[in-house]
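Going left to right, the sequence shown walks through residues 4 to 213 as our numbering numbers them. For reference, the structure discussed in these notes is given below.
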Amino acid sequence: MTRGKLILIEGLDRTGKSTQSEKIVKELGDEVVLFKFPERSTPIGGLINQYLTDRSFDLPPQSIHLLFSANRWEVNAKICSLLESGKHVVLDRYVYSGVAYSAAKQIPGMDISWCLNPDKGLVKPDLTLFLSNQDSSSLQDRDGYGEERYEKAAFQKKVRETFFQVFDAIPDDNRVIVDVTGKSIEQVFDTIMPLVRKVLGNNSEDYLYF
Ligand code: TMP
Ligand code: MG
C-alpha cells in the first residue's frame with residue numbers, strides 16, 4: 004500500500020484556510036483526515052487557547068512558541084499512523100505558521116532558526132499551499148476579526164513579511180504561493196484542487212522532514 008500524502012494549507016488569519024481545507028476534505032471524502040493547528044482540544048492546546056483568547060493570561064514569547072510546537076508533537080504520532088495506513092492528511096496551519104508568527108515578534112535571539120528548532124523532525128508536507136491575500140483591508144471586515152491575540156492589522160503585516168523570510172530560509176520544492184486577492188471561494192478552490200489531485204496521484208514513498 005502506498006502511504007497517504009500530507010497537504011498543508013497555510014496563510015495569515017482570515018485568508019480562507021479553514022474554508023478551503025474543509026472543501027478539500029468534503030471533495031475527497033473519507034480517504035482524507037483534517038487536522039487544524041493549534042489543536043485546541045488537547046492539554047497543551049487548552050493553554051494555547053487561553054493565551055489566544057484571554058489577555059490576562061500572558062506567557063513569555065519563548066514559552067508560547069514552544070507550546071505551539073509541543074502541540075504539533077502531541078498530534079504527530081496520530082498523523083504519521085494515518086499516513087502509514089494510506090489515509091491522506093490535510094493540515095490547516097503547521098510549522099510555517101509556528102515559525103512566522105513567533106519570529107515576527109522580533110524578540111532578540113528568537114530568530115527563524117531558533118523558532119524552527121523544536122519542530123525539526125516533523126514530517127514535511129508533500130504539498131504546501133500558502134494562501135496570500137495582498138489586500139489587508141479585507142482583514143478588518145470579517146465577523147469576529149480582532150477578537151484573538153495576533154488579529155491586529157499591524158502585526159499581520161509583520162507576519163506576512165516574516166512568512167516570506169521563512170520561505171527563503173526553509174527550502175521546499177513542494178510549496179506554492181496562491182494569490183487569493185479578490186478571488187471567490189470557488190475560484191480559489193478551482194485553483195488549488197488540481198494541485199492537490201496531482202500530489203495525491205504520485206506514488207512517492209519517502210517522507211521528508213523539517
Ligand atoms: P487559528 O486562527 O488558525 O486558530 O490560529 C490561532 C492563532 O495562532 C493564529 O493567529 C496563528 C497563531 N499560531 C501561532 O502563533 N503559532 C502556531 O504554531 C500556530 C499553529 C498558530
Ligand atoms: Mg484565527
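Cβ atoms here follow ideal geometry from the backbone N, Cα and C, with glycine treated the same way. Bear in mind the structure is a predicted one, so any value in this text is a computation, not a measurement.
Item                                                                                                                                                       : Value
Taking only runs that begin and end inside the stretch 106-174, name each unbroken beta strand (DSSP E) of 3 or more residues, in chain order.             : 130-135
Applying the 10 Å Cβ sphere with the 16-neighbour rule, what's the burial state of Ile-197?                                                                : What sits at residue 197 in the sequence shown is Pro, not Ile. By the neighbour-count rule (16 or more Cβ atoms within 10 Å), Pro-197 is not buried but exposed.
I'd like the list of long-range same chain contacts for Arg-58, defined as Cβ closer than 8 Å, with 5 residues on each side in sequence excluded.          : Arg-152
Whole-angstrom Cβ separation of Leu-132 and Glu-13, contact assumed at under 8 Å?                                                                          : 7 Å
For the structure I just gave you, are there three or more beta carbon pairs, one from the stretch 48-58 and one from the stretch 99-112, closer than 8 Å? : no
Under the assumption that Ile-10 contacts Val-199 (Cβ atoms under 8 Å), give the Cβ distance between them as a whole number of angstroms.                  : 6 Å
Any residue with its Cβ nearer than 7 Å to a heavy atom of ligand 2 should be included. What is that list in chain order?                                  : Asp-16, Arg-17, Glu-151, Glu-154
Could you give the residue range of the alpha helix (DSSP H) that holds Lys-20?                                                                            : 20-31
Val-93 and Phe-40 - do their beta-carbons sit closer together than 9 Å?                                                                                    : no
Could you check what DSSP says for Arg-178 in three-state terms: helix, strand or coil?                                                                    : strand
Mind checking which residues open and close the alpha helix (DSSP H) that includes Lys-81?                                                                 : 64-87
Mind checking which residues open and close the beta strand (DSSP E) that includes Gly-185?                                                                : From DSSP, Gly-185 is part of no beta strand (DSSP E); its letter is neither H nor E.
Could you say if the stretch 73-85 and the stretch 105-115 meet the contact criterion of at least three C-beta pairs nearer than 8 Å?                      : no
How is Phe-192 classed by DSSP in three states: helix, strand or coil?                                                                                     : helix
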